[in-house]
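For the sequence shown, this note's numbering assigns the number 66 to the initial residue and increments by one for each residue that follows.
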Amino acid sequence: MEQPKPPDEEPLSKAEREALLGAMSPGDWARAESLARVAAYGLTDMTASDLLQETLTNLLSGDRTWRRGVPPLVTLKVAMHSIASNAQKKVDNAPIDQFATVSTGEEETAEGQRAPVIAAERLGPLDTFEARQQLALIEQLVKGDAQAELVLTAWAMGYSGAEARQETGLDAKQFDAARQRLLRKLKPVAEARNTK
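What follows is the structure, encoded as structure tokens:
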């Protein structure tokens with residue numbers, strides 16, 4: 066017989082989930098959209114809006130758990146990362162390579178033979194593997210520092226300076242402190258890249 070869970074380990078009810086999402090400020094929603102853009106980066110089957118919508122649907126339907134005491138943005142980030150990871154696995158394991166374009170058959174190779182497929186992606190599996198390892202390391206380094214994660218998200222989206230600060234929703238002092246912490250945390254990654 067399954068032991069009942071302590072009250073603090075019970076997942077949130079649908080009403081509690083709706084209340085927490087309903088209480089999010091416009092700034093929180095902007096940060097959720099930023100997190101969705103980062104999580105959806107590189108996905109070919111899903112946009113950032115699709116990812117955020119699917120995450121909200123899954124959280125409200127109870128298909129994804131929402132642990133008690135975990136803030137909405139943290140829950141959204143973890144759930145979006147999981148959904149994006151699953152979507153990427155589907156693409157990676159698909160029988161047809163989306164990055165290959167089929168030629169018309171009119172082109173000829175240097176040997177005078179027709180080329181049926183032209184590679185569109187120049188990166189090899191090792192490049193992709195190393196990039197994913199670095200991203201996982203970066204995520205580990207900033208995990209638990211919500212403000213540094215926001216700065217990293219803004220940088221990943223291509224923002225810098227005042228634009229990056231505005232994207233994070235932090236004031237100048239908070240942003241500068243988070244940026245300094247982030248740079249310290251990223252130093253090992255930068256040093257590892259420079260030794261290659």
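For glycine and all other residues, C-beta sits at the position ideal for the given N, C-alpha and C.
Of the choices the options, whose alpha-carbon is the least far from that of residue i?
i: Leu-138; options: Ala-101, Ser-150, Ile-148; result: Ala-101
i: Arg-132; options: Arg-249, Gln-231, Tyr-106, Glu-75; result: Glu-75
i: Leu-202; options: Leu-235, Asn-151, Leu-251; result: Leu-251
i: Ala-149; options: Asp-236, Leu-108, Asp-93, Ala-97; result: Leu-108
i: Val-135; options: Ala-196, Gly-226, Leu-86, Val-207; result: Leu-86
i: Lys-154; options: Ser-78, Leu-121, Thr-130, Arg-197; result: Arg-197
i: Gly-127; options: Gly-226, Glu-195, Arg-82, Phe-240; result: Arg-82
Please go through the same chain and pick out, in chain order, the residues whose beta-carbon is closer than 6 Å to the beta-carbon of residue i, but skip the five residues on each side of it.
i: Met-89; result: Pro-137
i: Leu-113; result: For clarity, residue 113 is Ala in the given sequence; the question names Leu instead. These residues qualify, in order along the chain: Ala-101, Arg-102, Ala-105.
i: Trp-94; result: none
Using a threshold of 8 Å, state whether the C-beta atoms of residue i and residue j are closer than that.
i: Met-145; j: Leu-116; result: yes
i: Val-216; j: Ala-229; result: yes
i: Ala-243; j: Ala-219; result: no
i: Gln-199; j: Val-254; result: yes
i: Ala-80; j: Met-111; result: no
i: Ser-99; j: Glu-256; result: no
Quick test of your reading: residue i and residue j, contact by CB under 8 Å. State the CB separation rounded to the nearest angstrom.
i: Asp-210; j: Arg-246; result: 6 Å
i: Gly-223; j: Gly-92; result: Not really, about 20 Å apart at Cβ, beyond 8 Å.
Under 8 Å Cβ to Cβ from residue i, same chain only, skipping five residues before and after it: list those, please.
i: Thr-120; result: Ala-101, Arg-129, Leu-141, Ala-144, Met-145, Ile-148
i: Ala-221; result: Val-103, Tyr-106
i: Ser-78; result: none
Starting from the C-beta of residue i, find all residues in its chain whose C-beta is less than 7 Å away, skip the five residues before and the five after it, and write them out in chain order.
i: Arg-96; result: Leu-138, Leu-215, Gly-234
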